[in-house]
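Counting the sequence shown from 1 gives a position; our numbering is that position plus 77.
Take a look at the structure set out below.
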Amino acid sequence: MNTRTKTFRRPDTGETKEFTASSYRIDQTNMRSTQREVAEFHFYRAEDGDRIDRQADGSFQDKYGVVWEPV
């Protein structure tokens with residue numbers, strides 16, 4: 078198992094799945110910027126394409142609002 082890979086479980090169904098840490102950056106620099114402006118987003122992605130994001134309260138949710146818990 079990769080060190081960046083974690084197993085998560087859906088508490089409502091008991092399904093488990095491995096997610097790998099990933100991220101992307103968006104360059105938000107414009108003509109009025111005095112320095113390079115970049116926004117970076119971190120999330121976990123499964124091999125089947127599912128993605129979960131860490132919420133402000135520390136939980137992990139997919140785009141449908143389904144909660145995943147780290148195992």
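All C-beta atoms in this analysis are idealised placements derived from N, C-alpha and C, irrespective of residue type, glycine included.
Identify every residue that forms a DSSP beta bridge with residue i.
| i | result |
| --- | --- |
| Q132 | Paired residue(s): none; Q132 is not in a bridge. |
| V144 | Q138 |
What is the residue span of the beta strand (DSSP E) that residue i lies within?
| i | result |
| --- | --- |
| T82 | T82 to R86 |
| E117 | V115 to A123 |
| S100 | T93 to D104 |
Label residue i either buried or exposed according to how many other C-beta atoms from any shown protein chain fall within 10 Å of its C-beta, with 16 as the threshold for buried.
| i | result |
| --- | --- |
| Y141 | exposed |
| I129 | buried |
| F118 | exposed |
| Y121 | buried |
At a cut-off of 8 Å, is residue i close to the ligand MN when judged by its beta-carbon and the heavy atoms of the ligand?
| i | result |
| --- | --- |
| N107 | The model depicted lacks the ligand MN and carries no ligand whatsoever. |
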